[in-house]
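Only one structure is covered here, and it is reproduced in the block below.
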Amino acid sequence: MNPERPRPTVSCHAGAAVFVLLLMLGGVARLGLAQDPSSRAPEVFDRFAGPVVNIEVLDVQSDVKASTATGFFVSPRGHLVTNYHVIADHVHKPNRYRVVHVDGDGRNPLRVLSIDVVHDLAILQSDTSAQEYFDLGPVDPPQGTRLYSMGYPLDLGITIVEGTYNGLLEHSLYQKIHFTGSLNPGMSGGPAITRDGRVVGVNVSTYGNQLSFLVPVHRVLALLTPTLAPDFRPASDLLEVVRQQLLEHQAAYVGELMSDSLPTVRLGRYRAPTKPAAFFNCWASTSRGEEKPYATVDHQCSSDDYVFLWSGHSSAIIQFFHRMLTSDELNRYRFHQLYTNEFRRNAFWSGGEKEDVTPFRCNDGTVRREGATVRVVLCLRRYRKLKDLHDAVFKAAALGDGNSGMETTLMLSGVTFENATRVARHYLEGISWAE
Numbered sequence: 280m281n282p283e284r285p286r287p288t289v290s291c292h293a294g295a296a297v298f299v300l301l302l303m304l305g306g307v308a309r310l311g312l313a314q315d316p317s318s319r320a321p322e323v324f325d326r327f328a329g330p331v332v333n334i335e336v337l338d339v340q341s342d343v344k345a346s347t348a349t350g351f352f353v354s355p356r357g358h359l360v361t362n363y364h365v366i367a368d369h370v371h372k373p374n375r376y377r378v379v380h381v382d383g384d385g386r387n388p389l390r391v392l393s394i395d396v397v398h399d400l401a402i403l404q405s406d407t408s409a410q411e412y413f414d415l416g417p418v419d420p421p422q423g424t425r426l427y428s429m430g431y432p433l434d435l436g437i438t439i440v441e442g443t444y445n446g447l448l449e450h451s452l453y454q455k456i457h458f459t460g461s462l463n464p465g466m467s468g469g470p471a472i473t474r475d476g477r478v479v480g481v482n483v484s485t486y487g488n489q490l491s492f493l494v495p496v497h498r499v500l501a502l503l504t505p506t507l508a509p510d511f512r513p514a515s516d517l518l519e520v521v522r523q524q525l526l527e528h529q530a531a532y533v534g535e536l537m538s539d540s541l542p543t544v545r546l547g548r549y550r551a552p553t554k555p556a557a558f559f560n561c562w563a564s565t566s567r568g569e570e571k572p573y574a575t576v577d578h579q580c581s582s583d584d585y586v587f588l589w590s591g592h593s594s595a596i597i598q599f600f601h602r603m604l605t606s607d608e609l610n611r612y613r614f615h616q617l618y619t620n621e622f623r624r625n626a627f628w629s630g631g632e633k634e635d636v637t638p639f640r641c642n643d644g645t646v647r648r649e650g651a652t653v654r655v656v657l658c659l660r661r662y663r664k665l666k667d668l669h670d671a672v673f674k675a676a677a678l679g680d681g682n683s684g685m686e687t688t689l690m691l692s693g694v695t696f697e698n699a700t701r702v703a704r705h706y707l708e709g710i711s712w713a714e
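Using the numbering used here, read the sequence shown as starting at 280 and increasing by one per residue.
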């Protein structure tokens with residue numbers, strides 16, 4: 280069974296339980312965590328809570344908030360850092376949503392200056408100057424350093440959460456810091472700082488149970504430094520920026536997937552691809568119930584990482600699944616029916632609205648692999664607003680055996696047509712008869 284993906288410190292959308300797996304929400308000033316008497320959290324809060332602000336995404340027609348989150352000032356000119364997923368719906372539909380930050384004087388408009396959709400960051404600017412702000416710089420704390428995260432969770436007001444810095448995740452496509460503080464919805468985009476106020480990272484996602492993640496500050500500096508330059512001009516089309524970043528990103532990780540021959544795992548009489556890169560996790564399971572006249576062996580791998588585009592649509596997801604079926608009880612005809620039904624099962628992406636993606640279109644055929652006949656199907660759908668990007672589903676099934684068979688499904692999202700076909704061919708080369 281696939282383990283839960285990290286929840287991006289979730290976007291709390293008014294009027295609906297939209298669980299975006301990131302950390303957005305908002306609220307009323309107070310210290311929201313019972314601290315150990317020896318904790319420095321009250322002192323850190325008193326000294327450094329000033330630059331941390333509540334961000335709201337408003338529906339333009341009603342002027343009612345659709346979601347809330349957190350950001351923090353990083354310059355006296357009103358530059359703010361937050362997560363991309365906080366303002367993603369505004370990027371997607373700028374005529375439907377606007378972004379503000381809230382202070383004692385009311386709502387202040389925010390402009391989106393630059394974004395990093397892959398690392399989930401955005402630089403915004405307020406019309407008002409910042410009286411207090413964080414001065415960012417490189418930070419490399421030793422493992423075990425106490426950090427203090429601030430944000431606006433669940434419309435309860437500003438909260439400080441204490442936890443431990445545990446370094447960068449070792450097996451991740453995107454660099455993320457493991458933080459043991461309990462981040463909650465609404466804290467997305469808030470800073471995680473040392474006791475002397477140095478920003479180490481930006482709140483981004485959580486698995487719960489004190490397993491949370493931060494975007495490292497060096498990724499923030501990479502986005503912020505050019506944005507602060509005197510000659511900087513914001514892009515006129517942010518969706519085009521998203522498209523270009525996704526194209527560059529998919530070229531990089533597909534290149535890594537294609538760099539070596541695929542490792543394989545044995546499933547009965549067959550061999551099939553397994554863990555193609557360090558950022559994948561793989562699992563296996565076997566099932567043989569008394570009520571079923573057949574047995575299954577499953578093997579699946581996926582990256583835990585993905586790119587949030589906007590509500591209801593994520594991308595850069597890679598996963599694959601093998602199932603071997605065997606039966607000593609079914610005759611050839613009944614086993615063929617079972618095997619055919621397994622292969623026909625839908626395995627398509629459910630995310631994305633009709634206005635964002637086309638329907639899937641499929642081509643099928645048969646190929647010969649090391650003396651065996653393999654049925655293959657490749658299905659693609661196109662992103663309507665992000666030219667040259669597609670979701671792809673590749674399915675294959677070994678044919679010709681009376682009481683056993685293996686079928687496999689590969690799913691890619693946010694890739695070019697050329698890379699979808701390259702990866703599918705490379706994947707097919709990893710399927711063979713076991714010696």
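For every residue, glycine included, the Cβ atom is placed at its ideal position computed from N, Cα and C.
Straight across, the Cα-Cα distance linking F673 with P509 is about 48 angstroms. Rounded to whole angstroms, the Cβ separation of S393 and G357 is 14 angstroms, and the two are not in contact under 8 angstroms. For G534, the uninterrupted alpha helix (DSSP H) run begins and ends at 517-536, by DSSP. Residue pairing for G487: DSSP places it in a beta bridge opposite L490. Excluding its 5 nearest sequence neighbours in each direction, T459 has C-beta neighbours in its own chain below 8 angstroms: G442, T443, N445, Q489, L490, S491, listed in chain order.
In the three-state reduction of the DSSP assignment, D434 falls in the coil class.
Within the same chain, and ignoring the five residues on either side of G534 in sequence, no residue has its Cβ closer than 7 angstroms to its Cβ. Bounds of the alpha helix (DSSP H) holding V499 are 496-506.
Residue nearest to D607 within the set A328, E708, E632, D680 is D680 (criterion: CA-CA distance).
Across the structure, S582 and Q523 are spaced so that their CA atoms are roughly 22 angstroms apart. In terms of Cβ geometry, N362 and G468 form a close pair [threshold 8 angstroms]. Beyond the five residues adjoining it in sequence on each side, G709 comes within less than 7 angstroms, by CB distance, of L541, T543, A551, P552 in the same chain, given in chain order. At a Cβ-Cβ threshold of 8 angstroms, L452 and D584 count as neighbours. Rounded to the nearest whole angstrom, the CA to CA distance from V694 to H669 is 5 angstroms.
Short of 6 angstroms from the beta carbon of S564, and not among the five residues preceding or following it, lie these beta carbons of its own chain, in chain order: D577.
In this structure, H601 and M685 form a Cβ contact; the two beta carbons are roughly 6 angstroms apart against a cut-off of 8 angstroms.
Within the same chain, Cβ atoms closer than 7 angstroms to the Cβ of V397 are found at Y453, Q524, H528, V586, the five residues on either side in sequence being excluded.
Straight across, the Cα-Cα distance linking F511 with V646 is about 53 angstroms. L604 is bridged by DSSP to T575, G684. For D325, the secondary structure class from DSSP, reduced to helix, strand or coil, is helix. The region 361-397 contains, as complete beta strand (DSSP E) runs of 3+ residues, the segments 376-382, 385-395 (chain order).
Q598 sits in a strand when the DSSP states are folded into three classes. Taking the C-beta atoms as reference points, I437 is found nearer than 8 angstroms to A328.
Secondary structure in the region 600-654: the alpha helix (DSSP H) runs of 4 residues or longer, each lying completely within the stretch, are 611-623 in chain order. Within the same chain, Cβ atoms closer than 6 angstroms to the Cβ of Y376 are found at V336, D368, H369, the five residues on either side in sequence being excluded. Two segments are said to touch when three or more pairs of C-beta atoms, one from each, lie closer than 8 angstroms; by this definition the region 653-661 touches the region 633-644.
The bridge partners DSSP lists for A348 are I334.
Residues V418 of the same chain have their beta carbon placed closer than 6 angstroms to that of R477, with the five preceding and five following residues left out of the count.
Residue nearest to V440 within the set E449, P420, M466 is M466 (criterion: CA-CA distance). If you ignore the 5 residues before and after R663, its C-beta comes within less than 8 angstroms of the C-beta of E634, D635, V636, T637, all in its own chain and listed in chain order. As DSSP reads the structure, G442 sits in a beta bridge with L426. Residue pairing by DSSP leaves R663 without any beta bridge partner. Runs of the alpha helix (DSSP H) lying entirely within the region 451-477, each at least 4 residues long, are absent.
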